[in-house]
Every structure is written in structure tokens, then in C-alpha cells.
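**Student:** I'd like to ask some things about the structure below.
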């Protein structure tokens, strides 16, 4: 299950008729934050879909920078080769949801996407909810994942629903 995903709409570009309609591949988030957010969000969905269909090692192997790392909810930091190896045998997720997306500009050719994700497996009680941060950088005209971080969101305390 996915939500919060909106494809970029080419009809909603700049209203300045003198602006260049061709986006600069190394521009920062300030130039067109809506389009950049949609582009990075699509990369996140691509990653999550790969975690559901069992192709995560290939997708993250090509998406991450050579020196990229993932800071995972269980308290470990995985470099790119460790991420690729661990995803080769990881059980697939059966679905996911992305909400509360925010774009954070990090300077020319870099940006971060922060969001809440909930993923599910077939097993009851396997729901995983966390806040995610993905920092991307442009390398050779392509967005590459340099840093990914998870912060688990604990389930609500029993009886706290009405609090």
C-alpha cells in the first residue's frame, strides 16, 4: 500500500516565462522543490517496491553511492557492500505506506527526503513504523543515495488512544 506519491506534472512548471524550462541536473532544492520532492519520492518508492519484490540488493546496489551508508533501526551502520549482501536474503515486505514527506535542501546537487513509513510482512504483528531520512547527491547527472537513516516509532501505549 502506498500513499503520498504524486508524479511530477510537467504542466506545473515555473510561471516565469523567461526561465529556462530545462532543469539543471545539479540544481538545489530551492530551484523547484515540488519537482525535486516528486523525483526523490519516486526513488524512495522504487526502493520500497524492491524490498517487497525481492530485488532490493540490485536496486540499492545501483542507487547508493560507493561510500554510502545506512543507519538502521537496530542500531547498526551498514556500508554499501553490507547493505547489498544483507538484502540478498532479507524476507520481503508485503506492503508499505509513505506519509508526511518533507524535502530538505542540503545545497547544490544535494537534498534529503524525510518521511514516515510503515511496512508490513505476512506475519501478524510484523508492522514496522519509522521515521526515515534519505540524503541524495547528484553524481554524473543521477541522484544517488549517500545516507539513509531509520528512527523507529514505538507503537502507541495501550490505553493511550484517547489521551
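Residue numbers (UniProt numbering): 1 to 163.
Beta carbons: idealized from backbone N, C-alpha and C, even for Gly.
(1) Could you check the C-alpha separation between residue 70 and residue 155 for me, to the nearest Å?
(2) For the putative contact between residue 115 and residue 102, defined by C-beta atoms under 8 Å, what is the C-beta separation to the nearest angstrom?
(3) Decide yes or no for the touch test of the segment 47-58 against the segment 80-93: beta carbon pairs closer than 8 Å, at least 3 of them.
(4) Could you give the residue range of the beta strand (DSSP E) that holds residue 138?
(5) Mind checking who residue 151 pairs with in its DSSP beta bridge?
(6) Would you identify the three-state DSSP class for residue 56, choosing helix, strand or coil?
(7) Terminal residues of the continuous alpha helix (DSSP H) containing residue 80?
(8) Do residue 80 and residue 59 have their CB atoms nearer than 8 Å?
(9) Between 57, 65, 117, which lies nearest to residue 140 when the distance is taken from Cα to Cα?
(10) Considering only the alpha carbon of each residue, which of 157, 39, 150, 122 lies closest to residue 92?
(11) Output the distance between the C-alpha atoms of residue 124 and residue 108, rounded to the nearest integer angstrom.
(12) For the beta strand (DSSP E) containing residue 95, name the first residue and the last one.
(13) Just tell me which of 130, 104, 56, 73 has its CA closest to the CA of residue 136.
(14) Would you call the CB atoms of residue 99 and residue 130 closer than 8 Å?
**Tutor:** Checking against the coordinates, here is how it stands:
(1) 23 Å
(2) 7 Å
(3) yes
(4) 128-139
(5) 131
(6) helix
(7) 80-88
(8) no
(9) 65
(10) 122
(11) 44 Å
(12) 95-107
(13) 104
(14) no
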